[in-house]
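If you count by the numbering used here, then the sequence shown holds residues 1 to 561, one letter each, in order. By construction, the Cβ of each residue, glycine as well, lies at the ideal position given by its N, Cα and C atoms.
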Amino acid sequence: MNQELNDLKKNLWEIADELRANSGLKASAYSIPVLGLIFLKFADAKYTRHEDEIKEEYEVLKGGRREKKIEEIAIEKCGFYLPNQSRYSYLLNLSEEVSIANKIKEAMEGIEEYSPEFVDVLPKDSYHNLSVDNNKILNRLLRNFNNIPTDSQNDIFGEVYEYFLGKFALAEGQGGGEFYTPRSVVRYMVEVLQPMEGKVLDPACGSGGMFVQTAHYAQEHKVKNGGSPLNLRAYGVERTGETVKLAKMNLFLNNIRGEVTEANSYYSDPYDSFGNFDYVLANPPFNVDNVELDLVKDQKRFNTYGVPQTKGKKPKVPNGNYLWINQFATALNKTGRASLVMANSASDAGHSEKEIRKSLIEDGIVSQMVTLPSNMFSTVTLPATLWFFDKQKKKKDEILFVDARNIFTQIDRSLREFSDEQIKNLAIINRLYEEDSESFYSLINEYENCRDRADSEEDKKYFQKQIDWLLERFPDGKYQDVIGLCKVAMLNGEDGIIDQDYSLNPGRYVGVVIEDDGLTAEQFKGKLFDLNEEFKQLNEEAKDLEEQIEKNLDSLVIEYD
Numbered sequence: 001m002n003q004e005l006n007d008l009k010k011n012l013w014e015i016a017d018e019l020r021a022n023s024g025l026k027a028s029a030y031s032i033p034v035l036g037l038i039f040l041k042f043a044d045a046k047y048t049r050h051e052d053e054i055k056e057e058y059e060v061l062k063g064g065r066r067e068k069k070i071e072e073i074a075i076e077k078c079g080f081y082l083p084n085q086s087r088y089s090y091l092l093n094l095s096e097e098v099s100i101a102n103k104i105k106e107a108m109e110g111i112e113e114y115s116p117e118f119v120d121v122l123p124k125d126s127y128h129n130l131s132v133d134n135n136k137i138l139n140r141l142l143r144n145f146n147n148i149p150t151d152s153q154n155d156i157f158g159e160v161y162e163y164f165l166g167k168f169a170l171a172e173g174q175g176g177g178e179f180y181t182p183r184s185v186v187r188y189m190v191e192v193l194q195p196m197e198g199k200v201l202d203p204a205c206g207s208g209g210m211f212v213q214t215a216h217y218a219q220e221h222k223v224k225n226g227g228s229p230l231n232l233r234a235y236g237v238e239r240t241g242e243t244v245k246l247a248k249m250n251l252f253l254n255n256i257r258g259e260v261t262e263a264n265s266y267y268s269d270p271y272d273s274f275g276n277f278d279y280v281l282a283n284p285p286f287n288v289d290n291v292e293l294d295l296v297k298d299q300k301r302f303n304t305y306g307v308p309q310t311k312g313k314k315p316k317v318p319n320g321n322y323l324w325i326n327q328f329a330t331a332l333n334k335t336g337r338a339s340l341v342m343a344n345s346a347s348d349a350g351h352s353e354k355e356i357r358k359s360l361i362e363d364g365i366v367s368q369m370v371t372l373p374s375n376m377f378s379t380v381t382l383p384a385t386l387w388f389f390d391k392q393k394k395k396k397d398e399i400l401f402v403d404a405r406n407i408f409t410q411i412d413r414s415l416r417e418f419s420d421e422q423i424k425n426l427a428i429i430n431r432l433y434e435e436d437s438e439s440f441y442s443l444i445n446e447y448e449n450c451r452d453r454a455d456s457e458e459d460k461k462y463f464q465k466q467i468d469w470l471l472e473r474f475p476d477g478k479y480q481d482v483i484g485l486c487k488v489a490m491l492n493g494e495d496g497i498i499d500q501d502y503s504l505n506p507g508r509y510v511g512v513v514i515e516d517d518g519l520t521a522e523q524f525k526g527k528l529f530d531l532n533e534e535f536k537q538l539n540e541e542a543k544d545l546e547e548q549i550e551k552n553l554d555s556l557v558i559e560y561d
């Protein structure tokens, strides 16, 4: 099913992207209406699954004292009501003479009429730019998304939606990165936190990807453990109105209960976050300047560990990094855990930021620090660092450091990601540190089963490689420091955290693997890939030069003739 789903997502995107090229629209203008059509298809599919039950109850109650309107019954059983003009089949079968853009707007207004929570969420006014060719693009898009199967699990629509978000983020560049964090990075963060139930905050939620992966993890492990239904509630803050709409649709598509509020998290705290959340996850904007010191310095969520500010007669916030770090630490309840993506520079920042970092470390809340590979984000080429907080951390005087810079899968010359197995292998380091050997051997068994079931020798070798990677580093199924990969650093002692001036940079503690060529295997592969790309480019330039020289010689011959 995974390969079928991947093929489906790829095919849907290729057609949609081809149509974007024909429309002449930029990705930013095209993404919202396209994602709105995926929403309509999902809504119709979900309603269809409840439709017979809705109609049956309506007929049973009709004419009696307990009679109800069909829309009331639909909302009780499905969560919303779809009038005829909002059905996907109705839009598919429209004649060529009518304006499909107007009909899509009417379809979304039909949803809003019976579900006020969707008012100003659905992009009902975004389709006229796609109807300049007499409905051809809208017709093809509607038929394209009609290929999403409706007889599968609900989250297939969430998968497609998240896939499109990622593709649009790549197409939009810097702007797209504001609403999308790479899925593999989020999955790793969630795999370490192991969220199961409770309240989840993302104060820079973008399109809601942190919530989606949190819910997927919780649901998967509830089912595996035979547990109760999912009991998570999401609370998001996002400053951009259009992105808030994307997030609200994303939560709905993934069956996640929650709220997303349009606000600036520096100056607004809509959920009274201090000490109020079980989990906090986010990828906030790095190095934001011009945050007003007077508006943040008296907020408890920002000043508990100290407010970042410059010295002098007119102090100001140097940048917003440590405001975010404070927000994460203070939003946790007594058992809370958090993870955030942060610029590498924050791990060693000086002055007031160092004093905040010192307070956090001595408070014992920092549980783990992970340096990510470069080129994991479509908008940031330099590596970032993941910070992990744990209010229930047992060993208050030590921190686990992981250097993951050499663990990645190269997607193309400018983009990398974690594979499923790399996510599991990195996360198991934390499990071993927490003395959970059972999870380690369960992962080994999982890989052995995959190896034994694999059809090709290549796949068999791949899963054996994962087994070898784990057993070479942790042969006894217990945590141990591994040079170049992981290190538990004590607060005190020689080369401890105090000796390192309260640095939280994993590179200071983990060390470096020295090989004959000075490169790890992944670095070598990356360098070889770059050299090959450079070679191709030089070949193209050589051809151009050859053609230019030939033209110049021909002109000289003509001149002297």
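Quick one: using the 10 Å Cβ neighbour count with 16 as the cut-off for buried, is glycine 350 buried or exposed?
exposed
In whole angstroms, what separates the C-alpha of leucine 565 from that of proline 149?
Given a span of 1 to 561 for the chain in the structure shown, any question on residue 565 remains unanswerable.
How would you label isoleucine 497, buried or exposed, when you count the other beta carbons within 10 angstroms and need 16 or more for buried?
buried
Check each candidate in Arg413, Ser439, Arg49 and name the one with the smallest Cα separation from phenylalanine 535.
Comparing Cα positions, the closest option is Arg413.
Leaving out five residues before and five after threonine 409 in sequence, what residues of the same chain have Cβ atoms less than 6 angstroms from its Cβ?
Glu417, Ser419
Give every residue of the same chain whose Cβ lies closer than 7 angstroms to the Cβ of leucine 25, excluding the five residues on either side of it in the sequence, and list them in chain order.
Asn129
Return yes when at least one heavy atom of the ligand ZN lies under 8 angstroms from the C-beta of glutamine 410, else no.
Absence of the ligand ZN is noted for the structure shown, with no ligands found whatsoever.
Assuming serine 339 and valine 192 are in contact, meaning their beta carbons sit under 8 angstroms apart, how far apart are those beta carbons, in whole angstroms?
7 angstroms
Secondary structure at methionine 376, three-state DSSP: helix, strand or coil?
coil
Determine whether the beta carbon atoms of tyrosine 161 and phenylalanine 286 lie at a separation below 9 angstroms.
no
Curious, which full-length beta strand (DSSP E) runs of at least 3 residues does the stretch 403-477 contain?
409-412, 415-417
Could you tell me which residues DSSP pairs with glycine 236 in its beta bridges?
Asp202, Val260
List the residues that DSSP assigns as beta-bridge partners of serine 339.
Leu281, Phe388
According to DSSP, is glycine 176 helix, strand or coil?
Low confidence applies here, because glycine 176 scores a pLDDT of 49, under 50, leaving its location unreliable and the question unanswered by this model.
First and last residue of the alpha helix (DSSP H) that includes threonine 150?
Where threonine 150 is concerned, there is no enclosing alpha helix (DSSP H), given that its DSSP letter is neither H nor E.
Run through the stretch 299-375 for me and flag every whole beta strand (DSSP E) of 3 or more residues, listed as ranges in chain order.
332-343, 366-371
Please work out which residues of its chain come closer than 7 angstroms, Cβ to Cβ, to aspartate 348, disregarding the five sequence neighbours upstream and downstream, and give them in chain order.
Ser503, Asn505
Is threonine 214 near valine 200, with beta carbons less than 9 angstroms apart?
yes
What's the gap between the Cα of lysine 77 and the Cα of glutamine 537?
59 angstroms
I need the straight-line Cα distance from tyrosine 58 to glutamate 51, nearest angstrom please.
11 angstroms
Entirely within the stretch 89-117 and at least 4 residues each: give me those alpha helix (DSSP H) ranges in chain order.
100-114
Helix, strand or coil for asparagine 231, going by three-state DSSP, please let me know.
strand
Measuring straight from C-alpha to C-alpha, what distance separates glutamine 219 and proline 315?
47 angstroms
Just list the residues that DSSP pairs glutamate 220 with in beta bridges.
Answer is none; glutamate 220 lacks a bridge partner.
Assess contact between the stretch 272-282 and the stretch 65-74, defined as three or more Cβ pairs (one per stretch) separated by less than 8 angstroms. Is contact present?
no
For the beta strand (DSSP E) that contains methionine 490, what are its first and last residues?
486-490
Could you tell me if glutamate 292 is buried or exposed, where buried requires 16 or more neighbouring beta carbons within 10 angstroms of its beta carbon?
exposed
Am I right that asparagine 326 and alanine 346 are in contact with their C-beta atoms under 8 angstroms? What's the rounded C-beta distance?
The Cβ separation is near 12 angstroms, so there is no contact.
Using only the alpha-carbon positions, how far apart do glycine 518 and valine 512 sit?
Interpretation of glycine 518 is limited by its pLDDT of 48, a score under 50 that renders its predicted location unreliable; no figure is taken from the coordinates.
Serine 273 lies in the alpha helix (DSSP H); which residues open and close that run?
Element bounds for serine 273: n/a, residue is neither H nor E.
I need the boundaries of the alpha helix (DSSP H) containing aspartate 44, first residue and last residue.
27-61
So isoleucine 361 packs on lysine 393, CB below 8 angstroms; how close in whole Å?
Wrong, their Cβ atoms sit about 11 angstroms apart, outside the cutoff.
Under the rule that 16 or more other beta-carbon atoms within 10 Å means buried, what is serine 167, buried or exposed?
What sits at residue 167 in the sequence shown is lysine, not serine. Lysine 167 should be labelled buried.
Closer than 6 angstroms by C-beta to tyrosine 127: which residues in its own chain qualify, once you throw out the five before and the five after it? Chain order, please.
The answer, listed in chain order, is Pro33, Ala101, Ile104.
With 16 other CB atoms within 10 Å as the buried threshold, where does glycine 236 fall?
buried
My understanding is that leucine 246 touches leucine 35, with C-beta atoms under 8 angstroms, so please give their C-beta distance in whole angstroms.
6 angstroms
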